[in-house]
Amino acid sequence: MKDQDHMDQEYLAEAADIARPGVEPLIPIFPWPPRLRVSGLYVASRIVTPPIPAPGSLPIQPIPIAQPLPGILPTSAAPWQIEELLPWGLLREELRLDVDGRYPQMTASGTLYGVLAKRVHWIARLTASGPNAWTGSIWFKDGDVAGFPYTTVDITTTATFLSSQRKAVVRLSGGGTAVRTRTLAFKSPYFRQVEFEFDCATGVTATTRIGTHDHPNRPATMPNETLSIEEVYRRVGFEVRKSGSDSIVPIGDAGTNARWSDNEMHDAMQVYWSRFAGKAQWSLWVLFAKLHDQGTSLGGIMFDDIGPNHRQGTAIFNDSFISTAPTGDANPAAWVERMRFWTACHEMGHAFNLAHSWQKQHPPDWGTPWIPLANEPEARSFMNYPYYVSGGQTAFFSDFAYRFSDNELVFMRHAPERFVQMGNADWFDHHGFEQASASPEPSLKLNLRVDRAQATYQFLEPVVLELKLTNIGSRPLVVEKSLLSMTEHMTVIVKKRDKPARQYLPFARYCRDQQAQVVMPGEFVTDSLFLSVGRNGWDIAEPGYYTIQIALHMETEDIVSEALTLRVAPPRGYDEEFLAQDFFSDDVGRILNFDGSAILRGGNDTLREVTDRLSDRAVAYHARIALAAPLARDYKVLDMGDRMGEMASAKEAGGRLRRSAPRIEEARQLFTSALLEKKEQAIATLGRTDYEYYLGRFRAALVEHGAVLKKEPRDMKRDAKREKNGDIEHTMRVIKEALSSLKDQEPVSR
Amino acid sequence: MLLHIALQEGFHHDEVRVSVDAREALVSADLTTRRQTGYAASVDVDVTRSPVVVEVVLSKRRVIQSNSVSVDRPTYVGVSLTPEGTLAWKTSHEPFGYL
Numbered sequence: 086m087k088d089q090d091h092m093d094q095e096y097l098a099e100a101a102d103i104a105r106p107g108v109e110p111l112i113p114i115f116p117w118p119p120r121l122r123v124s125g126l127y128v129a130s131r132i133v134t135p136p137i138p139a140p141g142s143l144p145i146q147p148i149p150i151a152q153p154l155p156g157i158l159p160t161s162a163a164p165w166q167i168e169e170l171l172p173w174g175l176l177r178e179e180l181r182l183d184v185d186g187r188y189p190q191m192t193a194s195g196t197l198y199g200v201l202a203k204r205v206h207w208i209a210r211l212t213a214s215g216p217n218a219w220t221g222s223i224w225f226k227d228g229d230v231a232g233f234p235y236t237t238v239d240i241t242t243t244a245t246f247l248s249s250q251r252k253a254v255v256r257l258s259g260g261g262t263a264v265r266t267r268t269l270a271f272k273s274p275y276f277r278q279v280e281f282e283f284d285c286a287t288g289v290t291a292t293t294r295i296g297t298h299d300h301p302n303r304p305a306t307m308p309n310e311t312l313s314i315e316e317v318y319r320r321v322g323f324e325v326r327k328s329g330s331d332s333i334v335p336i337g338d339a340g341t342n343a344r345w346s347d348n349e350m351h352d353a354m355q356v357y358w359s360r361f362a363g364k365a366q367w368s369l370w371v372l373f374a375k376l377h378d379q380g381t382s383l384g385g386i387m388f389d390d391i392g393p394n395h396r397q398g399t400a401i402f403n404d405s406f407i408s409t410a411p412t413g414d415a416n417p418a419a420w421v422e423r424m425r426f427w428t429a430c431h432e433m434g435h436a437f438n439l440a441h442s443w444q445k446q447h448p449p450d451w452g453t454p455w456i457p458l459a460n461e462p463e464a465r466s467f468m469n470y471p472y473y474v475s476g477g478q479t480a481f482f483s484d485f486a487y488r489f490s491d492n493e494l495v496f497m498r499h500a501p502e503r504f505v506q507m508g509n510a511d512w513f514d515h516h517g518f519e520q521a522s523a524s525p526e527p528s529l530k531l532n533l534r535v536d537r538a539q540a541t542y543q544f545l546e547p548v549v550l551e552l553k554l555t556n557i558g559s560r561p562l563v564v565e566k567s568l569l570s571m572t573e574h575m576t577v578i579v580k581k582r583d584k585p586a587r588q589y590l591p592f593a594r595y596c597r598d599q600q601a602q603v604v605m606p607g608e609f610v611t612d613s614l615f616l617s618v619g620r621n622g623w624d625i626a627e628p629g630y631y632t633i634q635i636a637l638h639m640e641t642e643d644i645v646s647e648a649l650t651l652r653v654a655p656p657r658g659y660d661e662e663f664l665a666q667d668f669f670s671d672d673v674g675r676i677l678n679f680d681g682s683a684i685l686r687g688g689n690d691t692l693r694e695v696t697d698r699l700s701d702r703a704v705a706y707h708a709r710i711a712l713a714a715p716l717a718r719d720y721k722v723l724d725m726g727d728r729m730g731e732m733a734s735a736k737e738a739g740g741r742l743r744r745s746a747p748r749i750e751e752a753r754q755l756f757t758s759a760l761l762e763k764k765e766q767a768i769a770t771l772g773r774t775d776y777e778y779y780l781g782r783f784r785a786a787l788v789e790h791g792a793v794l795k796k797e798p799r800d801m802k803r804d805a806k807r808e809k810n811g812d813i814e815h816t817m818r819v820i821k822e823a824l825s826s827l828k829d830q831e832p833v834s835r
Numbered sequence: 010m011l012l013h014i015a016l017q018e019g020f021h022h023d024e025v026r027v028s029v030d031a032r033e034a035l036v037s038a039d040l041t042t043r044r045q046t047g048y049a050a051s052v053d054v055d056v057t058r059s060p061v062v063v064e065v066v067l068s069k070r071r072v073i074q075s076n077s078v079s080v081d082r083p084t085y086v087g088v089s090l091t092p093e094g095t096l097a098w099k100t101s102h103e104p105f106g107y108l
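Here the protein sequences come in this chain order: A and B. With this note's numbering as the guide, the letters of the first sequence map in order to residues 86 to 835. With this note's numbering as the guide, the letters of the second sequence map in order to residues 10 to 108.
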């Protein structure tokens with residue numbers, strides 16, 4: 086809500102800008118009333134988490150279930166209801182509408198983010214087709230375009246001072262397919278977010294702002310203002326933030342000659358940049374130093390073409406030629422400051438993947454341009470050299486409005502993210518979750534763990550991950566209690582080395598009553614994830630190395646885990662290779678996933694064979710649990726008689742529910758063998774969370790079938806507390822007592 | 010007198026030889042322009058007469074061009090390879106700056 090208020094205030098201030106004298110008007114002042122600006126980012130998301138309330142009030146709301154409902158949203162709908170309209174398979178949809186505000190490009194671009202690498206990006210040139218309505222042809226498509234045949238877009242916006250009620254209706258048509266209409270909620274007047282960090286070498290001052298009238302050689306219409314680098318990029322369309330605190334880089338890090346080589350700067354970036362990470366991110370480090378190894382001829386450089394993630398660092402050299410004003414200049418000091426400021430903006434432009442103005446057309450061996458472009462040798466752009474234009478730097482600055490060219494603006498605002506974002510590279514092999522909307526300062530951290538010293542799994546052993554979500558912020562957070570069990574909130578990627586990445590798709594999704602839980606700073610919630618097999622089949626089966634990464638989709642951001650690499654060992658012998666043919670089946674996968682089945686007899690036979698022939702192997706623990714669980718309780722089976730397997734309703738087939746009696750003694754033996762005999766091995770393969778869960782089920786089954794827990798009331802209270810806290814030893818003692826009590830009684834039903 | 014020769018835009022794994030009045034001044038077997046700056050390599054030559062003939066040879070591309078350059082004061086010559094495969098020359102009396 087606070088963000089919403091902030092956006093509303095920003096929007097009102099923006100509207101006030103319209104009539105502010107001396108500043109480039111966002112839109113014409115007349116006619117009155119002024120038109121409200123509609124440019125910016127609009128989004129729809131499949132995230133179904135309702136807004137997280139402030140601690141103290143914990144309203145319980147049902148979780149809306151997303152449904153594929155094409156169509157236009159009623160105008161009264163709240164933003165989070167809009168999110169329901171995304172079809173499954175799409176995680177997020179964005180529209181960048183660029184028709185007013187600073188340097189409007191009459192362009193719209195959209196991105197449809199799907200699971201895995203599925204993504205479609207389109208760009209259209211627009212013309213106005215009515216009040217708050219635009220139409221245009223789609224001239225650029227990128228990504229998984231086979232399912233995106235559209236050729237035309239029509240956009241209608243709702244303009245209101247309340248940003249929470251602003252939305253855009255996007256109608257895609259053409260290409261011989263049905264019209265696709267979506268409603269997206271306004272999110273930001275900016276198209277994208279980026280953060281900068283300005284560090285200085287010892288004895289160097291960063292020029293990050295200037296007065297636009299400080300130097301007399303300027304456009305006559307130039308507004309008189311103090312302009313910052315951040316503001317330059319805000320006018321490009323980025324919501325600019327500063328990361329870390331601007332710090333001093335000791336000159337010793339430049340080596341004994343006190344000049345900086347590219348490698349020295351790259352090393353300094355790794356040490357002093359608070360955001361350094363080996364991944365693509367909308368974040369940039371800017372170093373202000375004295376001189377490069379190349380000497381005074383190098384005014385600045387985007388030095389970061391080292392390693393797998395380029396374009397994350399730039400440098401400006403204050404003592405280079407940019408600190409020498411032309412002979413006879415009217416205000417040499419202001420000229421130098423302006424040149425340093427200009428150079429900083431220029432080098433940062435390279436980090437956004439902008440070429441020099443005369444490099445737009447280039448030989449094929451330089452690489453493929455994103456679109457064919459013409460050189461702009463006379464452009465009054467940050468990306469041109471002032472002294473390259475006709476008339477030299479005097480002519481350049483007399484007509485320079487501290488901006489990028491239109492082509493460059495289109496690129497930074499509308500090109501696919503991977504072309505522009507710092508450090509971007511090929512999908513997944515070099516970084517994870519290109520589409521994740523991760524916060525640079527997340528309040529939660531998601532860890533993937535395994536209950537063993539090394540993440541090595543035996544052949545056939547199912548992989549159970551432990552998920553741990555920790556509040557790493559300074560404020561209490563309210564999260565859904567079973568958030569980590571709700572796989573519909575997650576994207577789980579499994580990538581076998583040298584194979585394409587796959588998305589883990591669980592067999593089932595569960596609808597739960599929502600229960601909020603306060604997680605204090607430093608506290609965490611945990612859960613398990615049975616990962617080996619899902620609707621995609623067996624994602625983890627063959628021997629080899631696998632990389633696992635999970636994005637947890639929250640209301641306003643994605644929490645992306647570090648990647649976990651695990652290894653599946655080769656089969657130990659003939660028995661494992663032989664059993665693998667039956668084990669890696671859909672039936673066995675479902676039995677293991679759902680902790681047993683009374684129906685899938687073939688799968689159960691395979692698991693029995695596993696417990697017989699591979700009794701000392703980790704997979705046998707899973708097999709025993711899956712065989713024991715359905716035996717420990719009444720089991721209801723739909724009996725379709727002779728028509729089992731036919732596509733017929735139960736009523737037509739005369740189906741009836743048949744009750745299968747528990748076989749507690751058999752279950753007891755299997756549970757005991759799986760859980761009590763070799764506890765450490767059981768925990769290692771089942772995972773601590775699931776181990777505790779199975780212990781609880783075992784104990785409940787024993788009690789249900791006649792075991793007596795001999796405890797005083799006072800002890801019971803204490804024991805309940807210990808069980809709540811996950812005291813495994815205690816639960817095991819309770820179970821062993823229960824087993825002893827059973828021995829003293831008549832045999833229970835078998 | 011200073012003659013600064015800079016190889017600038019367009020080079021990509023090129024075999025380059027630069028000579029001044031038939032004297033070898035710069036040789037590179039694998040020259041590539043750093044596109045962030047538009048700079049590939051440079052050499053400073055102390056010349057004693059003017060004009061001089063600067064010759065640039067790109068062996069693999071079979072490009073040979075020469076230019077007569079007047080050096081009666083410090084002179085800066087920039088040579089770039091155009092997309093069409095020809096050499097573009099520019100002469101200045103101010104040092105080149107790269108950004």
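Idealized CB from N, CA, C, for every residue including glycine.
Item	Value
Can you give me the C-alpha to C-alpha distance between residue 843(A) and residue 442(A), rounded to a whole angstrom?	Because chain A spans 86 through 835 in this model, residue 843(A) falls outside it and cannot be assessed.
Beta-carbon within less than 7 Å of residue 692(A)'s beta-carbon, same chain only, minus the 5 sequence neighbours each way: which residues are those?	673, 676, 708, 711, 712
Measure the C-alpha to C-alpha separation of residue 413(A) and residue 480(A) and round it to an integer number of angstroms.	15 Å
Could you check where the beta strand (DSSP E) with residue 270(A) kicks off and where it finishes?	265 to 273
Taking all protein chains shown into account, do 16 or more other C-beta atoms lie within 10 angstroms of the C-beta of residue 268(A), making it buried, or fewer, making it exposed?	buried
Could you check whether the Cβ of residue 46(B) sits closer than 8 Å to any Cβ belonging to chain A?	yes
Per the contact definition of three or more C-beta pairs closer than 8 Å, is the segment 417 to 429 of chain A in contact with the segment 280 to 294 of chain A?	yes
Does the beta-carbon of residue 5(B) have 16 or more other beta-carbons within 10 angstroms, so that it is buried, or is it exposed?	Residue 5(B) is absent from the model: chain B starts at 10 and stops at 108.
For the alpha helix (DSSP H) containing residue 764(A), name the first residue and the last one.	764 to 771
List, in order along the chain, the chain B residues whose C-beta lies closer than 7 Å to that of residue 332(A)?	Those do not exist, as residue 332(A) stays about 24 Å from chain B at its closest Cβ, beyond 7 Å.
So is residue 659(A) buried or exposed if we call it buried at 16+ other beta carbons inside 10 Å?	exposed
Can you check which of these residues, 185(A), 486(A), 579(A), 610(A), is closest to residue 532(A) by C-alpha distance?	610(A)
Output needed in chain order: residues of the segment 414 to 443 of chain A with a Cβ under 8 Å from some Cβ in chain B.	428, 431, 432, 435, 440, 441, 443
Of the residues 100(B), 43(B), 52(B), which one's Cα is nearest the Cα of residue 386(A)?	43(B)
In chain order, what residues of the same chain have a beta carbon less than 6 Å from the beta carbon of residue 244(A), not counting five sequence neighbours either side?	121, 123, 217
Return the bridge partner residues of residue 226(A) from the DSSP annotation.	207(A)
Please list the residues of the segment 360 to 386 of chain A that have a C-beta atom closer than 8 Å to any C-beta atom in chain B, keeping them in chain order.	379, 381, 382, 383, 384, 385, 386
So, under 8 Å CB-CB, residue 178(A) and residue 253(A) are touching, yes? Tell me the CB distance rounded to an integer number of Å.	11 Å between Cβ atoms; not a contact.
If I measure Cβ to Cβ from residue 319(A) and keep anything under 6 Å in the same chain, skipping five residues before and after, which residues do I get?	325
From the DSSP secondary-structure annotation, give me the bridge partner or partners of residue 239(A).	220(A), 256(A)
Under 8 Å between beta-carbons, which chain B residues line up against residue 397(A)? List them in chain order, please.	None at all; the shortest Cβ gap to chain B is about 13 Å.
Starting from residue 407(A), find everything on chain B with Cβ-Cβ shorter than 9 Å and list it in chain order.	106, 108
Does any residue of chain B have a CB that is nearer than 8 Å to the CB of residue 487(A)?	no
Let me see if you follow: with CB-CB separation under 8 Å, is residue 92(B) close to chain A or not?	yes
Pick helix, strand or coil for residue 54(A), following the three-state DSSP scheme.	A question about residue 54(A) goes unanswered here, because the residues of chain A that appear run from 86 up to 835.
Tell me whether residue 69(B) is buried or exposed, calling it buried when 16 or more other Cβ atoms sit within 10 Å of its Cβ.	exposed
Is there contact between the segment 676 to 690 of chain A and the segment 558 to 577 of chain A, where contact requires at least three CB pairs shorter than 8 Å?	no
Closer than 7 Å, Cβ to Cβ, to anything on chain B: give me those residues from the segment 467 to 482 of chain A, in chain order.	470
Where does residue 333(A) land, buried or exposed, given buried means 16+ other C-beta within 10 angstroms?	exposed
Could you tell me whether the segment 69 to 85 of chain B touches the segment 352 to 366 of chain A, using the rule of 3 or more Cβ pairs below 8 Å?	no
On the three-state DSSP scale, how would you describe residue 675(A)?	helix
Using the rule of at least 16 other Cβ atoms within 10 Å of the residue's Cβ for burial, across every protein chain shown, is residue 298(A) buried or exposed?	exposed
How many whole angstroms separate the CB atoms of residue 369(A) and residue 507(A), which I take to be in contact at a CB cut-off of 8 Å?	5 Å
Please report how far the alpha carbon of residue 765(A) lies from the alpha carbon of residue 759(A), in whole angstroms.	11 Å
Which residue comes first and which comes last in the beta strand (DSSP E) that contains residue 278(A)?	277 to 286
Can you list, in chain order, the residues of its chain with a C-beta nearer than 8 Å to that of residue 747(A)? Leave out the 5 residues immediately preceding and following it.	716, 717, 718, 719, 720, 786, 790, 834
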